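Protein chains in written order, with our numbering: chain A, 1 to 113; chain B, 114 to 231.
The C-beta atom is built at its ideal place from N, Cα and C for all residues, glycine as well.
The structure displayed is predicted, hence computed values, not measured ones.
Right, one structure below, let's go through it.
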């Protein structure tokens, strides 16, 4: 079975600075997808960024980028120029052949003005 | 267009009562998923439906949990004889179709139903 581990329960960042959220996973599959989701207090899960395992190039979406290390099974999210609206819970997630999402426990990110 | 909707937004019930949670997927989405999110935790997969295929029920935690879906429309998640450990947010997601190892179809989430069992 696949597992996703987020070992940091909380992080804080100063507005306009950069923060990196860590995630590791375990799988025996060779083809899969990894995601970072944002969940604000409204509970709505918002897809931030996704990475296909077969792509070597790290995904980037505006201020959000990932560092995907397939051999190390590591998938961290970097948020540049942090904004107050980035404050939320962030979940790392995995999906493979069975199409079900497996989530980590999440990390609460706070942004200091 | 309209996103995934869920009702009720919040539900408080007494231990031992049955509850029904509803999910309206995005029109045209053939795949529908239910997840449970306990306080401070990530989402746990419960069940998914794909068109007219038999649903994947492998995540249902006990036989008190069941779900139905009519065609490619509304789904209901039923919890019988609720227990306090059932208290959680129940999230529904829909997708244009179920992905495969070589493709992925984004899951669009609803706002969830917060269930509190007293």
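Identify whether residue i lies in helix, strand or coil by the three-state DSSP scheme.
i                      : result
residue 83 of chain A  : coil
residue 169 of chain B : strand
residue 61 of chain A  : strand
residue 31 of chain A  : coil
residue 220 of chain B : coil
residue 10 of chain A  : strand
residue 198 of chain B : helix
residue 15 of chain A  : coil
residue 94 of chain A  : strand
Residue i touches chain A at which residues, Cβ-Cβ below 7 Å?
i                      : result
residue 222 of chain B : 44, 45
Name the chain B residues that come within less than 7 Å of residue i, Cβ to Cβ?
i                     : result
residue 85 of chain A : Here the premise fails: no neighbours, minimum Cβ distance about 18 Å.
Rounded to whole angstroms, what is the Cα-Cα separation between residue i and residue j?
i                      : j                      : result
residue 225 of chain B : residue 159 of chain B : 14 Å
residue 163 of chain B : residue 196 of chain B : 29 Å
residue 227 of chain B : residue 44 of chain A  : 12 Å
residue 85 of chain A  : residue 67 of chain A  : 22 Å
residue 19 of chain A  : residue 78 of chain A  : 6 Å
Residue i versus chain A: which residues are under 8 Å apart at the beta carbon?
i                      : result
residue 198 of chain B : The premise fails here: residue 198 of chain B is roughly 17 Å from chain A at the closest Cβ pair, so nothing lies under 8 Å.
residue 265 of chain B : In the structure as shown, chain B begins at 114 and stops at 231. Residue 265 of chain B is therefore absent and cannot be evaluated.
residue 158 of chain B : 100, 101, 102
List the residues of chain A that residue i touches, going by C-beta distances under 9 Å, in chain order.
i                      : result
residue 202 of chain B : 43
(request) For the segment 5-13 of chain A and the segment 189-199 of chain B, state whether three or more C-beta atom pairs, one from each stretch, are separated by less than 8 Å. (result) no
(message) Pairs of beta-carbons, one from the segment 135-143 of chain B and one from the segment 50-63 of chain A, closer than 8 Å: are there three or more?
(response) No, the segment 135-143 of chain B is not in contact with the segment 50-63 of chain A.
(request) Evaluate the contact criterion for the segment 64-78 of chain A versus the segment 18-26 of chain A: three or more CB pairs, one atom per stretch, below 8 Å. (result) yes
(message) Contact between the segment 116-125 of chain B and the segment 93-108 of chain A is defined here as three or more beta-carbon pairs at a separation below 8 Å; is this criterion met?
(response) Not touching, per the Cβ criterion.
(request) Decide yes or no for the touch test of the segment 135-154 of chain B against the segment 201-211 of chain B: beta carbon pairs closer than 8 Å, at least 3 of them. (result) yes
(message) If the cut-off is 8 Å on Cβ atoms, which residues from the segment 17-39 of chain A count as contacting chain B, listed in chain order?
(response) 29, 31, 32, 33
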